[in-house]
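Input: a single structure, listed below in structure tokens.
Residue numbers (my numbering): 205 to 461.
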């Protein structure tokens, strides 16, 4: 009996460990970049990062990026808490920001507070990406970059507000800068133009990666769009005449000629 109880306890402990492992995994800060430039009477601290969500069945909600900077003496001169948009299931979230500092920072650190989890009410594929097209990146005379392009709403319901983030990378794919703009009232199946100015870029730019997501720290907006369904890919009726005879092959067990 003692051996049986021990085996049962061991099995229960094993199941508990498995259940714990099957829970949502934490977000991961996969990429980050920051810069410090002189601006007026002080300094401008800019940053960009990418949070990865490994959970295909959960949104990450209410995550907060924490940006700190210290001066040469190690004194904290910047402390900024940035609420982030909801992180889509199984996908990354790009974010960026800027803050002014009167004192000169020498080192910037990007961290984040953990997200709360919201299980999705439908399959992950229902949460479509917002397609980006016609992206153009131009370097301006002041050293910043202008990124323009179009974002499309793939859902049947208008997207009230989208956050569009441009990430600039060097030839090796390393993140060298980023910035965000917001686009309002994107109609179903329609494109809206975005214009993003990226400042404080650290090094030459070889590629631009643009991502768009719903604005807001909770998943409700994205869920409402997914519930409305996707815009049909083909909305134009065919103009050719139907075949006079079906060209398909009969079922294998159909002996009719």
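In this text, a Cβ means the ideal position worked out from N, Cα and C, and glycines have one as well. As the structure is a prediction and not an experimental result, all values here were calculated from the model.
Classification of residue i by the beta-carbon crowding that lies within 10 angstroms, buried from 16 upward
{"i": "residue 301", "result": "buried"}
{"i": "residue 263", "result": "buried"}
{"i": "residue 257", "result": "buried"}
{"i": "residue 232", "result": "exposed"}
{"i": "residue 325", "result": "exposed"}
{"i": "residue 357", "result": "buried"}
{"i": "residue 322", "result": "buried"}
{"i": "residue 401", "result": "exposed"}
{"i": "residue 343", "result": "exposed"}
{"i": "residue 310", "result": "exposed"}
{"i": "residue 437", "result": "exposed"}
{"i": "residue 252", "result": "buried"}
{"i": "residue 415", "result": "buried"}
{"i": "residue 292", "result": "buried"}
For residue i, three-class secondary structure by DSSP
{"i": "residue 329", "result": "helix"}
{"i": "residue 235", "result": "strand"}
{"i": "residue 445", "result": "coil"}
{"i": "residue 392", "result": "strand"}
Pairwise C-alpha distance: residue j and residue i
{"i": "residue 290", "j": "residue 410", "result": "29 Å"}
{"i": "residue 372", "j": "residue 435", "result": "30 Å"}
{"i": "residue 238", "j": "residue 261", "result": "31 Å"}
{"i": "residue 363", "j": "residue 386", "result": "12 Å"}
{"i": "residue 346", "j": "residue 403", "result": "9 Å"}
{"i": "residue 480", "j": "residue 297", "result": "Residue numbering for the chain in the displayed model covers 205 to 461; residue 480 lies beyond these limits and cannot be assessed."}
{"i": "residue 319", "j": "residue 288", "result": "10 Å"}
{"i": "residue 376", "j": "residue 446", "result": "52 Å"}
{"i": "residue 265", "j": "residue 444", "result": "49 Å"}
{"i": "residue 381", "j": "residue 398", "result": "17 Å"}
{"i": "residue 388", "j": "residue 366", "result": "6 Å"}
{"i": "residue 270", "j": "residue 315", "result": "5 Å"}
{"i": "residue 352", "j": "residue 338", "result": "8 Å"}
{"i": "residue 428", "j": "residue 268", "result": "23 Å"}
{"i": "residue 393", "j": "residue 230", "result": "34 Å"}
{"i": "residue 406", "j": "residue 349", "result": "11 Å"}
{"i": "residue 235", "j": "residue 448", "result": "58 Å"}
{"i": "residue 240", "j": "residue 299", "result": "17 Å"}
{"i": "residue 273", "j": "residue 312", "result": "4 Å"}
First through last residue of the alpha helix (DSSP H) which encompasses residue i
{"i": "residue 432", "result": "424-432"}
Proximity test, residue i beta-carbon vs the ligand COA heavy atom, cut-off 7 Å
{"i": "residue 348", "result": "For the structure depicted, the ligand COA is absent and the ligand set is empty, with no information on it obtainable."}
CB contact below 8 Å: residue i versus chain C
{"i": "residue 347", "result": "Any reference to chain C falls outside this structure, which holds one protein chain only."}
Residue i - containing beta strand (DSSP E), residue span
{"i": "residue 395", "result": "395-402"}
{"i": "residue 413", "result": "411-418"}
{"i": "residue 255", "result": "246-256"}
{"i": "residue 297", "result": "296-305"}
{"i": "residue 282", "result": "280-287"}
{"i": "residue 276", "result": "No beta strand (DSSP E) holds residue 276; DSSP gives it neither H nor E."}
{"i": "residue 227", "result": "Looking at the DSSP string, residue 227 is not in any beta strand (DSSP E), and its letter there is neither H nor E."}
{"i": "residue 264", "result": "262-265"}
Which residue spans inside the segment 307-388 form an unbroken alpha helix (DSSP H) run of at least 4? Those alpha helix (DSSP H) runs which fall completely within the segment 307-388 and span 4+ residues do not exist here.
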